[in-house]
Amino acid sequence: MTTHKVGYLIGSLAKGSINRKLAKALVRFAPPELEMSEISFKDLPLYSYDYDADYPPAGKAFKADIAAVDAVLFITPEYNRSIPGGLKNAIDWASRPYGTNSFTRKPSAVIGTSPGAIGTAVAQQNLRSVLSFCNSPQMNAPEAYIQFTPGLITDDGEVTNEATADFLRKFMQDFHVFIARVRSVLPKDA
1 MTTHKVGYLI
11 GSLAKGSINR
21 KLAKALVRFA
31 PPELEMSEIS
41 FKDLPLYSYD
51 YDADYPPAGK
61 AFKADIAAVD
71 AVLFITPEYN
81 RSIPGGLKNA
91 IDWASRPYGT
101 NSFTRKPSAV
111 IGTSPGAIGT
121 AVAQQNLRSV
131 LSFCNSPQMN
141 APEAYIQFTP
151 GLITDDGEVT
161 NEATADFLRK
171 FMQDFHVFIA
181 RVRSVLPKDA
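Following full-length UniProt numbering, the numbering of the sequence shown begins with 1 at its first residue and continues without gaps.
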C-alpha cells in the first residue's frame, strides 16, 4: 500500500471558518493511503519579486512544505466571486521565483463551502485557472460545491447529513485514485 502525503490549504484565515470545518471532515474521510497535513500560509508577507533573491524564512518554509507533499488539496471560500487574497498570495509565494514553481506536476484538487446556493463555484473556477498556469494536474471531477447550512458540519468535522458525508467520502477516495494515477506517470522525483 503506497501512502501519499497530501498538504491541504484552507483559503480562509478565520479561526471559525466553515471551510476549516470542511477540512476537518475531509481529513476524517481520507482513506488510510492519504497522509493529510495542513499547510498554513497565515505568516506570509505580501509577495513581491523583491524577495526572489533572498526569500524570508516564512516563504522558504512554505515552499519547503509544498515541496514535501505528493499532492495539494485546496479548501476555499469565495470572496467577491474569486479566491481569497491570502490564498492567491500563498500560491504566488510557492510558484516564484521563475523556474522554482512548487506546483509543477503536483496533483491537486479543489473543494469549498459557502452559505450561498452555488457554493464556491466561481472561486473554484478562478483557482483552477491559476493552477493550470502553475502546471498542476487537477482532479476535474467530481466537482464539489458544498452549500453550508447551520449544523451541517460540527466544529470537530463530523458531517451530520448522510448524503453529504457519502459525497465527501467519495470525493476523498476519488482524490486518492487521481493522485495514484498522476504519480504513476509523473513520479515525484522525475
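Glycine included, each C-beta is placed from N, C-alpha and C at the ideal position.
Quiz item: alpha helix (DSSP H) containing Ile91: first to last residue?
Solution: Gly85 to Ser95
Quiz item: Do we get a CB-CB distance below 8 angstroms when we pair Ala94 with the residues of chain B?
Solution: The displayed structure is made up of one protein chain only, and chain B is not part of it.
Self-check item: Where Phe175 falls, given that 16 or more other Cβ within 10 Å makes a residue buried
Solution: buried
Quiz item: Using 8 angstroms as the Cβ pair cut-off and three pairs as the minimum, do the segment 86-101 and the segment 30-37 touch?
Solution: no
Quiz item: Residue ranges of each beta strand (DSSP E) run of no fewer than 3 residues wholly in the UniProt domain "NADPH-dependent FMN reductase-like" (5-147), ordered along the chain?
Solution: 34-38, 71-75, 108-114 and 145-147
Exercise. Starting from Val177, trace the alpha helix (DSSP H) both ways and give me its first and last residue.
Key: Glu162 to Val185
Quiz item: Is the Cβ-Cβ distance between Pro107 and Ala71 less than 8 angstroms?
Solution: yes
Quiz prompt | Option in Met1, Val6, Thr3 and Leu22 with minimal Cα separation from Thr160 | solution = Leu22
Quiz prompt | Cα-Cα separation, Lys24 to Glu158 | solution = 8 angstroms
Quiz item: Are there 16 or more other CB atoms within 10 angstroms of the CB of Glu78, so buried, or fewer, so exposed?
Solution: buried
Quiz prompt | Three-pair Cβ contact test at 8 angstroms for the segment 79-90 versus the segment 123-130 | solution = yes
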